[in-house]
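Right, one structure below, let's go through it.
Numbering (full-length UniProt numbering), first residue to last: 1 to 416.
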């Protein structure tokens, strides 16, 4: 398939050689690119001229860069740099080799319960890190979950993430995000806390299991009413082979009142894991182990597959104002290099590992060829390929041994 007529493929954007269009949406485009100064592959997200001039969206893009840059969590895509070139805002991100969860479900149908729980558990890890840092994602949905060929999952697009002590980027009562996954309090003037992300994650688990979101409607008003009033549907009634215990987990995750939901995304994921049968628990743990072994090279694992360990629910997170939340500095003056970023690199940014060869076939079915590498639904803005993450500090997990659990060690990663 050829590139779109107005694509910038083959051109230079500052130091970036734009090699391939990965996604296009209302706010801009994402390209596979090469940073010719640092000599590494990357994905570059370009805002349209209209949004680049809008102070609200300039702040939103800057927030996305700062949020992802400071989380340092394995399942958050690292952002290397951000700024402005010739009046156009951009983000430089790690290049991901994978597919978004929305495309995955549309192409191959619902996931098995253990695979669904394994993927959701990784998203929950990213959310717990964000919530601990005082950040709500606010747009958890399948298009914002990228899955590699080895089922390593990333939560992307923190562009509308917020801290509750911020001056709001949107007017009170204005819905931001995707309505099919939005908690009831998002449609009112009630306080919105991090538990709205847990509600959205429960909606995503339901869709992973059944292939459809929990509520479908022909009109926005009907959809809003469903989130506010309708009982939570049972996934086991839609598709055979889904444990009924998962119905209860999803129902609590999607409770109408935030205080009735799980205390953390991790608690929700652990409950989902516990609702699986014993063989499926082992299968889910094996998927998690395999994905980390493949994505974190050189990592040592215990021979038993890890299970999700119980944890004390964290205290309600505080939401500090992100540092430096004022307007972006102006573009470089005339006479300066056109590509000089208006900001410095994201803290802890560094050179990513080389992009691996695309996996032919495997867990996604018999997808082959270049197009399968970048299968993201039109209208999304995240990159669709990635170089493997780099290993860092150890993290404790539980390993199954003869029906009991014991502490074992594995390695996480941070953004490079």
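Idealized CB from N, CA, C, for every residue including glycine.
For residue 43, which three-state DSSP category applies?
-> Locating residue 43 in the chain shown gives position 43, counting from the first residue. Assigned with DSSP and collapsed to three states, residue 43 falls in strand.
What alpha helix (DSSP H) runs, 4 residues minimum, are completely inside the segment 215–270?
Complete alpha helix (DSSP H) runs here, min 4: 220–229, 235–238, 244–253.
Relative to the alpha-carbon of residue 280, which residue among 157, 61, 242, 152 has its alpha-carbon at the smallest distance? The residue you call residue 280 lines up with position 280 of the chain shown. Between residue 280 and the set 157, 61, 242, 152, the nearest pair of CA atoms involves 242.
At the level of alpha carbons, what is the spacing between residue 116 and residue 8?
Translated into the one-based positions of the chain shown, residue 116 becomes position 116. Translated into the one-based positions of the chain shown, residue 8 becomes position 8. Answer to the nearest angstrom: the Cα atoms are 37 angstroms apart.
Going by Cα to Cα distance, which pick from 28, 39, 35 is closest to residue 58?
-> Here residue 58 refers to the residue found at position 58 when the chain shown is read from its first residue. Nearest C-alpha to residue 58: 28.
Classify residue 24 as helix, strand or coil using the three-state DSSP reduction.
Position 24 of the chain shown holds residue 24. Three-state result, residue 24: strand.
Nearest-angstrom Cα separation, counted from residue 75 out to residue 186: Residue mapping note: residue 186 aligns to position 186 of the chain shown, counting from 1. Residue mapping note: residue 75 aligns to position 75 of the chain shown, counting from 1. Each residue's Cα considered, the two are about 25 angstroms apart.
Cβ of residue 194 within 7 angstroms of Cβ of residue 136?
Working through the chain shown from its first residue, we reach residue 194 at position 194. Working through the chain shown from its first residue, we reach residue 136 at position 136. Their beta carbons are under 7 angstroms apart, which means residue 194 touches residue 136 by this criterion.
Self-check item: Distance between residue 48 and residue 63 (C-alpha atoms, nearest Å)
Solution: Position 63 of the chain shown, counted from the first residue, corresponds to residue 63. Position 48 of the chain shown, counted from the first residue, corresponds to residue 48. Inter-residue distance for residue 63 and residue 48 is about 17 angstroms (C-alpha atoms, whole angstroms).
Would residue 197 and residue 140 be called neighbours here (beta carbons separated by less than 7 angstroms)? Residue mapping note: residue 197 aligns to position 197 of the chain shown, counting from 1. Residue mapping note: residue 140 aligns to position 140 of the chain shown, counting from 1. Closer than 7 angstroms, so yes.
ask   = Can you tell which of 23, 42, 6 has the C-alpha that lies nearest to the C-alpha of residue 17?
value = Numbered from its first residue, the chain shown carries residue 17 at position 17. Proximity to residue 17 across 23, 42, 6 peaks at 42, based on C-alpha coordinates.
Inset, instruction - Let me know if residue 50 comes out buried or exposed under the rule of 16 or more other beta-carbons within 10 Å of its beta-carbon. - result: Taking the chain shown and counting its residues from 1, one reaches residue 50 at position 50. With a 10 Å radius around the Cβ and a threshold of 16 neighbouring Cβ atoms, residue 50 comes out exposed.
Which whole-angstrom value is the C-beta distance of residue 150 and residue 294, which I expect to be below 8 angstroms?
One-based indexing of the chain shown puts residue 150 at position 150. One-based indexing of the chain shown puts residue 294 at position 294. With a beta-carbon spacing of about 4 angstroms, residue 150 and residue 294 fall inside the 8 angstroms limit used to define contacts.
According to DSSP, simplified to helix, strand and coil, what is residue 108?
Here residue 108 refers to the residue found at position 108 when the chain shown is read from its first residue. Correct three-state label for residue 108: helix.
Alpha helix (DSSP H) segment containing residue 191, residue limits: Counted from its first residue, the chain shown places residue 191 at position 191. Looking at the DSSP string, residue 191 is not in any alpha helix (DSSP H), and its letter there is neither H nor E.
| field | residue 284 vs residue 114 beta-carbon contact at 7 angstroms | value | Taking the first residue of the chain shown as position 1, residue 284 is located at position 284. Taking the first residue of the chain shown as position 1, residue 114 is located at position 114. Yes, these two residues count as a Cβ contact at 7 angstroms.
Sequence-distant residues of its chain with Cβ nearer than 7 angstroms to residue 6 (five each side left out): By one-based count along the chain shown, residue 6 stands at place 6. For residue 6, where only same-chain residues beyond five positions count, there are no Cβ hits under 7 angstroms.
inquiry  = Please classify residue 224 as buried or exposed, where buried requires at least 16 neighbouring CB atoms within 10 angstroms.
reply    = To locate residue 224, count along the chain shown from 1; it is residue 224. Around the beta carbon of residue 224, 16 or more other beta carbons sit within 10 angstroms, so the residue counts as buried.
Q: Identify, in the order they occur along the chain, each residue of the same chain with its Cβ nearer than 7 angstroms to the Cβ of residue 235, setting aside the five sequence neighbours on each side.
A: Counting from 1 along the chain shown, the entry for residue 235 is found at position 235. Here residue 235 has 206, 209, 210, 242, 246, 247, 250 as same chain residues with Cβ atoms under 7 angstroms from its own Cβ, once five neighbours each way along the sequence are excluded.
* Where residue 288 and residue 53 are concerned, what is the direct C-alpha to C-alpha distance, given to the nearest angstrom? -> As a working note, residue 288 is residue 288 in the chain shown. As a working note, residue 53 is residue 53 in the chain shown. Rounded to whole angstroms, residue 288 and residue 53 show a C-alpha spacing of 42 angstroms.
Q.
Less than 7 angstroms between the beta carbons of residue 110 and residue 94, yes or no?
A. As a first step, residue 110 must be located in the chain shown, where it is residue number 110. As a first step, residue 94 must be located in the chain shown, where it is residue number 94. It is not a contact, given that the beta carbons lie outside the stated cut-off.
Note down the Cα distance separating residue 119 from residue 200, rounded to an integer number of angstroms.
Numbered from 1 along the chain shown, position 119 holds the residue referred to as residue 119. Numbered from 1 along the chain shown, position 200 holds the residue referred to as residue 200. Straight across, the Cα-Cα distance linking residue 119 with residue 200 is about 14 angstroms.
- Query: Can residue 91 and residue 45 be called in contact, C-beta distance under 7 angstroms?
  - Reply: Walking along the chain shown from the start, residue 91 turns up at place 91. Walking along the chain shown from the start, residue 45 turns up at place 45. The answer is yes: Cβ separation under 7 angstroms.
Practice task
Output the distance between the C-alpha atoms of residue 180 and residue 213, rounded to the nearest integer angstrom.
Solution key: Indexing the chain shown from 1 puts residue 180 at position 180. Indexing the chain shown from 1 puts residue 213 at position 213. If I take the Cα positions, the gap works out to 7 angstroms.
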